[in-house]
Amino acid sequence: MANETLRLGLIGAGGNTRLRHIPGFKAQDNISLEVVANRTIESGQKIADEFGVARVTDDWMKVIDDESIDAVCIGTWPYMHAPITIAALDAGKHVLCEARMAMNATEARAMLASSRRNPTRAAQIVTAPHTLKFDSTIIDMISDGAIGDLISLDARVTAGSNFPSYDTPFHWRHDRDLSGNNIMAMGIWYECMMRWVGPAKTVHAVGQAVVPHRKDENGRRQPMTIPDHLDVIGKLELGGQMRFSISSVSGHAPSNADIYLFGTEGTLMLQMDKSGEFTLYAGARGDNGLNEVSVDPAKVGGWRVEEEFVSVIRGQEQVTHTDFVTGVKYMDWTDAVTRSVREGVAVTLP
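Residues in the sequence shown are numbered from 0 upward in steps of one, following numbering that gives the first Met the number 0.
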């Protein structure tokens, strides 16, 4: 299939689809953007005009039912990820689904089951990109004993955070009916950290909605049921503990993110500064402190979501960033955190 034209349908052309996916697909050989399905013909037509998509519809099922379409890229909000993914896979189409995977782990498992019913179809979730540059280096350093045995992972994320603003508008990420159990960027960072230390075993979380209400597009006040400040502690499946904090309402935070891996023989720290730049530091037992790590260019990863998806379809590689099994694991975490916040209990992951 490497020399055959891959006919692609877009279902939901949100910001990431316009910024990343469409340009990424257009950079691949023998790709034809056949159709875009958006909520309105007018919004879809804007995408078609800008990017040269052949056809427009406001009915996503027309894309699913179109036998000429080989693959779909799903860029809707999470509430539609499961139904579209399952319908597309069962119709024999390859699927690239925007992150987060689903509303909850139940939906994610239904998506995984559909992918297993259709093993010849590529099934991929858009990957968490933040740490791609450093992942191979961190994994290799841990494997080579740079930190010894992991004692704890300690992460604080405040990217985009500031003092509470009570006039900020109601966004779809604040709406549990559209976003499900997803909380801020929690799942993205957890996916990144899973690559280094594996999944969590237990969680105990507390969260709050510091901004209790926001006004929707009609000026109606909507209650906030998704936290804007969250703290999680727990145990990791492979050993060690974790402490994870994420907030969108913390003023004067010194950096966007600080992630420490404390071990019996050394420490790693990945920092995202206020400009969004990442730096990796390391220090061993006996050192005076942490020093910047020079990353081998051969180990530097980067964004290749669309390239990977096309290569998987053409039988040139397997899905790694990100497969549905990994997606289920981060949705298990998401559900566990949500349950713990609601019930005030420690939760053991499946």
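Ideal Cβ placement from N, Cα and C applies to all residues, glycine included.
- For A112, there is no enclosing beta strand (DSSP E); the residue is part of the alpha helix (DSSP H) that begins and ends at A104 to R116.
- The C-beta separation of I225 from R175 comes to about 6 Å, placing the pair in contact by the 8 Å criterion.
- Annotation: the stretch 39 to 71 contains the following complete segments of the alpha helix (DSSP H) (minimum length 4 residues), in chain order: 40 to 50 and 59 to 64.
- The beta-carbon distance between L237 and M268, rounded to whole angstroms, is 20 Å. This is too long to meet the 8 Å contact definition.
- The residues A36, in chain order, have a CB closer than 8 Å to that of D58 in the same chain once the five nearest residues on each side in sequence are set aside.
- Apart from the 5 residues on each side of it in sequence, A90 sits with its Cβ closer than 6 Å to the Cβ of I63 in its chain, given in chain order.
- Residue range M185 to V196 is occupied by the alpha helix (DSSP H) that includes G186.
- Contact annotation: A281 and L235 have beta-carbon atoms that are not nearer than 9 Å.
- I30 is bridged by DSSP to L5.
- Within a 10 Å sphere around the beta-carbon of Y165 sit fewer than 16 other beta-carbons, which makes this residue exposed.
- Shortest Cα-Cα distance from D322 to any of T39, N181, S114 and D65 involves S114.
- The alpha-carbon of A104 is positioned some 5 Å away from that of D331.
- Counting only the Cα atoms, Q240 lies some 26 Å from A208.
- Judged by their CB atoms, A101 and G179 are nearer to each other than the 9 Å cut-off.
- In the structure shown, the three-state DSSP call for A297 is helix.
- For G262, the number of other beta carbons within 10 angstroms of its own is at least 16, and it is reported as buried.
- Between V205 and V340 a beta carbon distance of about 6 Å is seen, short of the 8 Å cut, so the two are scored as contacting.
- With respect to G13, E97 sits close: the two C-beta atoms are nearer than 9 Å.
- Collapsing the DSSP output to three states places T333 in a helix.
- Annotated as distal: D227 and V196, with beta-carbon spacing of 9 Å or more.
- Assignment of beta strand (DSSP E) within the stretch 260 to 330, counting only whole runs of 3 or more residues, yields 265 to 271 and 277 to 283 in chain order.
- Partner residues in the beta bridge of K234, as assigned by DSSP, are T201 and Q240.
- For H251, no beta strand (DSSP E) run applies, since DSSP gives it neither H nor E.
- Judged by DSSP secondary structure, P82 falls within the alpha helix (DSSP H) whose first and last residues are H80 to D89.
- Within 10 angstroms of the beta-carbon of W188 lie 16 or more other beta-carbons, which makes it buried.
- Distance between N181 and A335, taken at the CA atoms: about 11 Å.
- Here the alpha carbons of Y259 and I146 stand approximately 11 Å from one another.
- Following the DSSP letters along the chain, one finds K132 in no beta strand (DSSP E) but inside the alpha helix (DSSP H) bounded by residues L131 to S142.
- Closest by C-alpha distance to I141, out of A121, P22, A283 and P349, is A283.
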